[in-house]
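In this note's numbering, the protein residues as written are -19 to 186. For reference, the structure discussed in these notes is given below.
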């Protein structure tokens, strides 16, 4: 993306940060490059959703999604789901099992809700993040659920994150789903694994 934004990605509102899952609470301006912030601001301004953030593990996809999550107006309804958990639990619920899907309350504390309420979140959310799509093969039921989510969300503000590019994802995911995931704006992220850079090692062999 090479757009020049007149809008900007601003310093996150602490009250919005409380609604984030633990994995994204560290999303700050400093952890997302100025170039990427400019691209995201341009995309928000022109409404180029859905947004697909693609890159190797640890390059900052979740941080970028978390920063965007915090840019939404305070009164907007937002939801954040792990793709693996969401698809698995909805599939199990549809099979008649009394399983629940975990989401967050407005104050950021854990909450367990039945999958129909999860669908309410998906349908009604002004801003939705589905994190880590394509970390493993999907069952037929899970693929259909993801296709339904894509239909429901359409071009409304939705961010998906994925470790694989379009070609790689097509090797193990339904091509029609991949085509829809990549139908909006795609941001390819690169760089070192930030999680590994922050790791501390203790070698007991010494």
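Cβ coordinates follow ideal geometry from the N, Cα and C atoms, glycine included. The model shown is predicted, which means the values in this text are computed figures rather than measured ones.
Opposing strand residues paired with residue i [DSSP bridges]
i           : result
residue 111 : 62
residue 167 : 33
Helix, strand or coil at residue i according to DSSP, with G and I counted as helix
i           : result
residue 5   : coil
residue 31  : strand
residue 139 : strand
residue 126 : helix
residue 79  : At residue 79 the pLDDT is 47, less than 50, meaning the model places this residue with poor confidence and gives no usable figure here.
residue 151 : coil
residue 38  : coil
residue 116 : coil
residue 157 : helix
residue 57  : coil
residue 101 : helix
residue 132 : helix
residue 52  : coil
residue 13  : coil
residue -13 : Caution applies to residue -13, whose pLDDT of 45 falls short of 50 and renders its modelled position unreliable; the model cannot decide the point.
Residues near residue i in its chain [Cβ-Cβ closer than 6 Å; skip 5 each side]
i           : result
residue 34  : 142, 145, 168
residue 135 : 29
residue 61  : 110
residue 171 : 39
residue 52  : 58, 107
residue 148 : none
Own chain, CB closer than 7 Å to residue i, minus 5 neighbours either side, in chain order
i           : result
residue 57  : 104, 105, 106
residue 11  : 40, 43
residue 119 : 71
residue 190 : Outside the displayed span of the chain (-19 to 186) sits residue 190, for which this structure offers no information.
residue 67  : 118, 122, 125, 126
residue 132 : 102, 103
residue 150 : 158
Residues near residue i in its chain [Cβ-Cβ closer than 8 Å; skip 5 each side]
i           : result
residue -16 : Unreliable positioning characterises residue -16 in this predicted model, as indicated by a pLDDT of 35, which lies under 50. The coordinate reading is nonetheless provided below. Taken in chain order, the residues that qualify are 18, 22.
residue 165 : -19, 23, 28, 29, 30, 31, 32
residue 115 : 63, 64, 143
residue 173 : 36, 37, 38, 39
residue 163 : 30
Could you say if the region 123 to 136 and the region 151 to 162 meet the contact criterion of at least three C-beta pairs nearer than 8 Å?
-> Between the region 123 to 136 and the region 151 to 162 there are three or more C-beta pairs closer than 8 Å, enough to call the two in contact.
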